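Numbering (our numbering), first residue to last: 42 to 196.
Beneath this line is the structure, given in structure tokens, with notes to follow.
So this is what it looks like as structure tokens:
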């Protein structure tokens, strides 16, 4: 795959899959923007890659998302930002649950909306990738989490 001349954005690029995707895109010739809340981490990763830059992004903040895309068009968006909190769901505080939903569901949606604004062809050609682990995590939360509570309560 040759992505020379293409601009790519990877959210959640400070570690894990995002860091990996950024490396793959850079190896394919793309100019890559690594974005995450932890600027020190994405800066460190960007310095290791050719044609890469770092950007601060908090997907839970619509202003942060809008600022990143302001005046910039990306050919490829790897919409990967997500968090996981340790422990059983039943032990989670409401604030922690909201943080997970705000990042893994609302944040993914916010980035997708801005990424395709005025350019719906991006979705048709696969230019926006919603990382399945994030989507399935949201699906699990929205459908099975409440079932697990009932199951635990009935045991």
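Virtual Cβ for every residue (Gly too), placed ideally from N, Cα, C.
Please read these numbers as outputs of a predicted model, since none were measured by experiment.
Sequence-distant Cβ neighbours of residue 137 in its own chain, meaning closer than 7 angstroms and more than five residues away, are 126. For residue 106, the enclosing alpha helix (DSSP H) starts and ends at 103-110. Shown here for residue 55: same chain residues with a beta carbon closer than 8 angstroms to its own, the five before and five after excluded, namely 75, 77, 78, 79, 82, 83, 86 in chain order. Spatial neighbours of residue 144 in its own chain (CB-CB distance under 7 angstroms, excluding positions within 5 residues in sequence) are listed in chain order as 100, 101, 122, 123, 124. Distance from the CA of residue 147 to the CA of residue 68, rounded to the nearest whole angstrom, comes to 30 angstroms. The Cβ-Cβ distance between residue 64 and residue 44 does not fall below 8 angstroms. Within a 10 Å sphere around the beta-carbon of residue 53 sit 16 or more other beta-carbons, which makes this residue buried. Residue pairing by DSSP places residue 78 opposite no residue, since no beta bridge is assigned to it. Listed in chain order, the non-local C-beta contacts of residue 60 below 7 angstroms within the same chain comprise 54, 86, local neighbours out to five positions each way being set aside. Listed as beta-bridge partners of residue 68 by DSSP are no residues whatsoever.
For residue 70, the closest C-alpha among the options 50, 62, 92 is that of 92.
For residue 129, the three-state secondary structure derived from DSSP is coil. Membership of residue 98 in any alpha helix (DSSP H) is not indicated, and neither H nor E is assigned to it by DSSP. Residues 69 of the same chain have their beta carbon placed closer than 8 angstroms to that of residue 42, with the five preceding and five following residues left out of the count. Of the residues assessed, residue 109 falls on the buried side of the cut-off, its CB having 16 or more other CB atoms within 10 angstroms. The DSSP-derived three-state label of residue 139 is helix.
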